[in-house]
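Visitor: In our numbering, the protein residues as written are 11 to 222.
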Ligand code: AP5
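1) Enumerate in chain order the residues of its own chain whose CB-to-CB distance from residue 29 is below 6 Å, with the five nearest sequence positions on each side excluded.
2) When DSSP labels each residue in this structure, what does residue 113 get in the three-state scheme?
3) Going by Cα to Cα distance, which pick from 13, 108, 212 is closest to residue 79?
4) Taking 8 Å as the cut-off, is the C-beta of residue 131 nearer than that to any heavy atom in the ligand AP5?
5) What are the boundary residues of the beta strand (DSSP E) that residue 124 is part of?
6) Helix, strand or coil: how does DSSP classify residue 144 here?
7) Three or more C-beta pairs under 8 Å: does that hold for the region 14-32 against the region 138-149?
8) Determine whether the Cβ of residue 100 lies closer than 9 Å to any Cβ atom of chain D.
9) With DSSP as the reference, please indicate the residues paired to residue 91 in a beta bridge.
10) Tell me the rounded alpha-carbon separation between residue 13 and residue 60.
11) Rounded to whole angstroms, what is the Cα-Cα separation between residue 183 and residue 65?
12) Using the Cβ count rule (16 or more neighbours within 10 Å means buried), how would you classify residue 95?
13) Could you spell out the range, first to last residue, of the beta strand (DSSP E) harbouring residue 202?
14) Among 117, 140, 195, which residue has its Cα nearest to the Cα of residue 162?
15) Report the option in 188, 90, 104 whose CA atom is closest to the CA atom of residue 32.
16) What does the Cβ neighbour count give for residue 170, buried or exposed, with the cut at 16 atoms within 10 Å?
17) By DSSP's criteria, residue 165 is part of a beta bridge. Which residues make up the other side?
18) If you measure from the CB of residue 117, is any heavy atom of the ligand NAP nearer than 8 Å?
19) Return helix, strand or coil for residue 173, following the three-state DSSP convention.
20) Measuring CB atoms only, is the region 97-116 touching the region 69-89, in the sense that at least three cross pairs come out at less than 8 Å?
21) Could you check whether the Cβ of residue 124 sits closer than 8 Å to any heavy atom belonging to the ligand AP5?
As structure tokens, then:
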């Protein structure tokens, strides 16, 4: 099964991926996590991507497409994939279709978590992240102990692109460059839209209902 998770920065894609990966037994592939890993390892891709990400811009399509196509070719992807943060532009949608077509696969379901723009900046600027990827929010989803991950006890940090100013810019990029791809999947008849302003557990249930 190939599922893509769509939604603005802060809509809850990473939060929901944690639950869906476990419930569905698929592999969670996040383009943002892969890019941040390249930056940490100091690869050529990481060095180029860092400049775009620090400026809240999308990394060029060809670089991201190659990275995702390579990841989809890894053996664990054969058990099913949940794509988070990719595709983000129409060329990325088409490149994904072509890559899957070559493996006699296709996107089975596009899940769209819809959250109003004014709520997204509050979500991003209050987010705290664990080095292992678990996400919290200082008001909406706080950890049991201040700045410590409930799951692995690691110290939480704030992503450098989660300042209010950078969040506003990422949202502007999303509404201009990424929102149009919702229509691409709606036209294919595989889009399921859910209200991402409901509590986290209810959003999970709604997403699972889309997949029934
Ligand atoms: P990426 O890492 O993909 O970030 P993003 O899409 O901007 O998404 P976020 O991770 O910020 O938000 P999310 O939807 O996962 O929200 P979360 O669950 O954490 O991309 C980073 C950068 O990499 C991009 O800017 C770009 O430069 C580059 N990039 C990545 N992919 C690319 C691509 N395909 N092409 C080109 N460039 C690319 O939730 C947010 C907060 O809300 C948390 O605090 C959480 O606790 C809280 N929350 C979640 N759900 C709820 C709820 N229901 N109620 C209340 N609070 C909630």
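Where a beta carbon is used, it is the ideal one built from N, C-alpha and C, also for glycine.
Guide: Let's see:
1) 214
2) coil
3) 108
4) no
5) 119-124
6) coil
7) yes
8) Going by chain labels, chain D is absent from the structure shown, which holds only one protein chain.
9) 12, 37
10) 27 Å
11) 11 Å
12) buried
13) 201-205
14) 140
15) 90
16) exposed
17) 158
18) Annotation note on the ligand NAP: not contained in the displayed structure, which lists the ligand AP5 as its ligands.
19) coil
20) yes
21) no
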